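Going by numbering that gives the first Met the number 0, 105 is the number at position 106 of the first sequence; the sequence numbering is gapless.
Just so it is clear, CB atoms sit at the ideal spot from N, CA and C, and this is done for glycine as well.
Everything numeric in this text was worked out from a predicted model, so none of it was measured.
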Amino acid sequence: MSIDLKTWETLTRGVTEIISEAELKAKLAKGKPLNIKLGVDPTAPDIHLGFTVVMRKLRQFQDLGHRVILIVGDYTATVGDPSGKSKTRRILTHAEVLANAETYKQQFFKIVDPAKTEVVYNGDWFSKMTFTEVTNLMAQITVAQMLEREDFRNRYEGGQPISLHEFLYPMMQGYDSVMIEADVELGGTDQKFNVLRGRELQRSVGKEPQVGMFLPILLGTDGREKMSKSLGNTIGVNDAPQDMFHKLFTLPDALVESYFQLLTDVPLENLSAKLAQVTAGEIHPNLLKEELAKNIVAQYHGTDAADAAAQEEKRIHSGQAIPSNIPEFQVSLGSQWVPSLLVLAGLAKSNGDGRRFIEGGSVTFDEVKITDPKAQVEVTGTHLLRVGKRNFARIIALDAAS
RNA sequence: GGGUCGAUGCCCGAGUGGUUAAUGGGGGCGGACUGUAAAUCCGCUGGCUUCGCCUACAGUGGUUCAAAUCCACUUCGGCCCA
0 MSIDLKTWET
10 LTRGVTEIIS
20 EAELKAKLAK
30 GKPLNIKLGV
40 DPTAPDIHLG
50 FTVVMRKLRQ
60 FQDLGHRVIL
70 IVGDYTATVG
80 DPSGKSKTRR
90 ILTHAEVLAN
100 AETYKQQFFK
110 IVDPAKTEVV
120 YNGDWFSKMT
130 FTEVTNLMAQ
140 ITVAQMLERE
150 DFRNRYEGGQ
160 PISLHEFLYP
170 MMQGYDSVMI
180 EADVELGGTD
190 QKFNVLRGRE
200 LQRSVGKEPQ
210 VGMFLPILLG
220 TDGREKMSKS
230 LGNTIGVNDA
240 PQDMFHKLFT
250 LPDALVESYF
260 QLLTDVPLEN
270 LSAKLAQVTA
280 GEIHPNLLKE
290 ELAKNIVAQY
300 HGTDAADAAA
310 QEEKRIHSGQ
320 AIPSNIPEFQ
330 VSLGSQWVPS
340 LLVLAGLAKS
350 NGDGRRFIEG
360 GSVTFDEVKI
370 TDPKAQVEVT
380 GTHLLRVGKR
390 NFARIIALDA
400 AS
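The following block contains the structure:
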């Protein structure tokens, strides 16, 4: 397992920082399978593309013969990672964490090879730790060092509460590295502080320190903030092909390059050539985005589904075509008040919300615009209800007799 | 433990007795423009079959014709002192 140039390029693709490159090269040069660590607290069972950046890197290590150790942070999750947070996290119950872990693994193994993965729970060691051991662990760091962290410092200076238990988290994560004898720990750039704890703790017990490999934080579909469930800007690995395609295709242009780099294997030299052509006006930006969307959808749903999604996307948005999969709702036969129909079909949050859509002129029933918020509509068979360009529902009369 | 300041709608943040469902910004949604992008512009953004009614400004009680605004207590938080 010598480190040829190609291997090195694969491993460092998209990587922001390696601490340190020299150590990583030395470890690789040993020619033995390395322990590649990833710690997760299974607080968000729905994995989105933001998480897959790191997972793909794990997979690349596996393909080179290394072993992934996935640490399910059943104990750390009850503490809550303060990384990048501006607020104290809610503390999860142990039962919640275990349930989430199962869902997590299912999605995790869509990318990472289960045959080359060992899954461990950090409760295995933390549950057995004595108070004295915890004290000794916490003695390894000072308050000033903790407050150097940007997120803690911002909260502290901004007058936001920081609970003392949050200081435990980085130390616990570091201790995980000691326990599993990690050679490399992967993480987003926001994990730097925690990963460095691992190095120090390993060193303090006379073990070879792990290498920290940091990947960029993927921005969400809004193009502004990191992809995160609470911000509602995610693309989930479990999203339906059409859904996934649409979100990728409507991505802000500025994200296309990073998505290609972090979420696909498209050779980087091809990519920069294409981007240059787009800038020069030789290629339409949408063409590149279509390629991106197809590539990623294919990874999760296969190339057939990706092609079909691309076709459907074009069909719907090039003209006034109506999507083929519209949610259907049954309502009773006869006269119906439009706002309540909108609520029933999930197109409006409340009757008032529905009224506002009508007043805003964005509601049609069988493609006829509704302008009066008091409007009644005759439901006699199958009808099309629509809000704006993209929100559809089919209304089906439910015969009173049946 | 003592002192002091604070808690407003999804978020930030005005408002300190009465045209107040509550200024403004962000976000979100709908529309125009466009490339299904960005930028810009316009509208909407508590509930109710709504020219009206109801519920809301941490919680509970009180003062008042009238409170998010005044008082008391409670809960939570910041800062200073220990």
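Spatial neighbours of P169 in its chain, beta-carbon cut-off 7 Å, leaving aside the 5 residues before and after: Here the question's residue 169 lines up with position 170 in the first sequence. Cβ within range, chain order: F192, N193 and R196.
Contact belief for F213 with E312 at Cβ below 8 Å, rounded distance in angstroms: On the first sequence, position 214 is the one that residue 213 refers to. On the first sequence, position 313 is the one that residue 312 refers to. With 8 Å as the limit, F213 and E312 do not qualify as a contact, their Cβ atoms being about 34 Å apart.
Simplified DSSP state of S203, which is helix, strand or coil: Taking the first sequence and counting its residues from 1, one reaches residue 203 at position 204. Correct three-state label for S203: helix.
Reduced DSSP secondary structure (H/G/I, E/B, other) of V96: Translated into the one-based positions of the first sequence, residue 96 becomes position 97. The answer is helix: DSSP assigns V96 an H, G or I state.
Within the segment 178-228, ranges of the alpha helix (DSSP H) (whole runs, at least 4 residues): 191-203
Environment of L10 [buried if 16+ CB atoms lie within 10 Å]: Here residue 10 is taken as the residue at index 11 of the first sequence, counted from 1. Flag for L10 reads buried.
Any 3 or more C-beta pairs closer than 8 Å across the segment 134-154 and the segment 52-61: no
Beta-carbon spacing of L384, L332 below 8 Å: In the first sequence, counting from the first residue as 1, residue 384 sits at position 385. In the first sequence, counting from the first residue as 1, residue 332 sits at position 333. Not closer than 8 Å, so no.
Same chain only: Cβ atoms within 6 Å of P338, ignoring 5 sequence neighbours per side: Against the first sequence, residue 338 aligns to sequence position 339. So the qualifying residues of the chain are N350, G353 and R354.
I450 to V330 span [Cα, whole Å]: Within the shown structure, residues of the chain are numbered from 0 to 401, placing residue 450 beyond reach of any answer.
R393: first and last residue of the uninterrupted beta strand (DSSP E) it sits in: As a position in the first sequence, residue 393 is number 394, starting the count at 1. Per DSSP, R393 belongs to the beta strand (DSSP E) from N390 to L397.
Stretch-stretch touch, CB-based, cutoff 8 Å, three pairs: the segment 234-246 with the segment 272-280: no
Cβ contact check for the segment 111-124 and the segment 137-149: 3 or more pairs under 8 Å: no
CA-to-CA distance, D365 to E327, given in whole angstroms: Taking the first sequence and counting its residues from 1, one reaches residue 327 at position 328. Taking the first sequence and counting its residues from 1, one reaches residue 365 at position 366. Rounded to the nearest angstrom, the two C-alpha atoms are 14 Å apart.
Assumed close pair N121, I161 - CB separation to whole angstroms, cut-off 8 Å: Numbered from 1 along the first sequence, position 122 holds the residue referred to as residue 121. Numbered from 1 along the first sequence, position 162 holds the residue referred to as residue 161. Their Cβ separation, rounded to whole angstroms, is 23 Å, which puts N121 and I161 out of contact at 8 Å.
Coil, strand or helix - A374 by DSSP: Position 375 of the first sequence, counted from the first residue, corresponds to residue 374. Correct three-state label for A374: coil.
In chain order, each beta strand (DSSP E) run of at least 3 residues that lies wholly inside the segment 19-46: 34-39
Helix, strand or coil at R148 [DSSP, three-state]: The residue you call residue 148 lines up with position 149 of the first sequence. In the structure shown, R148 sits in coil (DSSP, three-state: anything other than H, G, I, E or B).
CB contact flag (G13, L261, <8 Å): Here residue 13 refers to the residue found at position 14 when the first sequence is read from its first residue. Here residue 261 refers to the residue found at position 262 when the first sequence is read from its first residue. Yes, the pair counts as a contact, with Cβ atoms nearer than the cut-off.
Of the listed residues L254, A98, I68 and D40, nearest to V78 (C-alpha basis): Position 79 of the first sequence, counted from the start, is the residue given in the question as residue 78. Checked all of L254, A98, I68 and D40; the closest Cα to V78 is D40.
Continuous alpha helix (DSSP H) stretch holding G122: start and end: Residue mapping note: residue 122 aligns to position 123 of the first sequence, counting from 1. Per DSSP, G122 belongs to the alpha helix (DSSP H) from G122 to F125.
Burial state of P240 (16 or more Cβ within 10 Å): Start at 1 with the first residue of the first sequence, and residue 240 comes out as number 241. Answer is buried; the Cβ neighbour count reaches 16.
T188 beta carbon less than 8 Å from that of P208: Taking the first sequence and counting its residues from 1, one reaches residue 208 at position 209. Taking the first sequence and counting its residues from 1, one reaches residue 188 at position 189. Not closer than 8 Å, so no.
Per-residue burial, R223 [other beta carbons within 10 Å of its own, 16 or more giving buried]: For the purposes of this step, residue 223 is identified with residue 224 of the first sequence, where counting begins at 1. It counts as exposed.
Euclidean distance between Cα positions of R198 and T263: Position 199 of the first sequence, counting from 1, holds the residue named residue 198. Position 264 of the first sequence, counting from 1, holds the residue named residue 263. One C-alpha to the other measures close to 30 Å.
Own chain, CB closer than 6 Å to S173, minus 5 neighbours either side, in chain order: As a position in the first sequence, residue 173 is number 174, starting the count at 1. The sequence shown places Gly at residue 173, rather than the Ser named in the question. Excluding sequence neighbours, G173 sits near R196, G197 and L200.
Backbone CA spacing between G345 and S126 [nearest angstrom]: Here the question's residue 345 lines up with position 346 in the first sequence. Here the question's residue 126 lines up with position 127 in the first sequence. Answer to the nearest angstrom: the Cα atoms are 46 Å apart.
Sequence-distant residues of its chain with Cβ nearer than 6 Å to V362 (five each side left out): Along the first sequence, read from residue 1 onward, the residue named residue 362 stands at position 363. Hits under 6 Å: F356, I369 and V386.
Whole-Å CB distance - T134 paired with N99, under 8 Å assumed: Here the question's residue 134 lines up with position 135 in the first sequence. Here the question's residue 99 lines up with position 100 in the first sequence. Incorrect: roughly 30 Å between the Cβ atoms, too far for contact.
Alpha-carbon spacing of S401 relative to G231, whole angstroms: Here residue 401 is taken as the residue at index 402 of the first sequence, counted from 1. Here residue 231 is taken as the residue at index 232 of the first sequence, counted from 1. Low confidence applies here, because S401 scores a pLDDT of 48, under 50, leaving its location unreliable; read the following figure in that light. Distance between the alpha carbons of S401 and G231: 40 Å.
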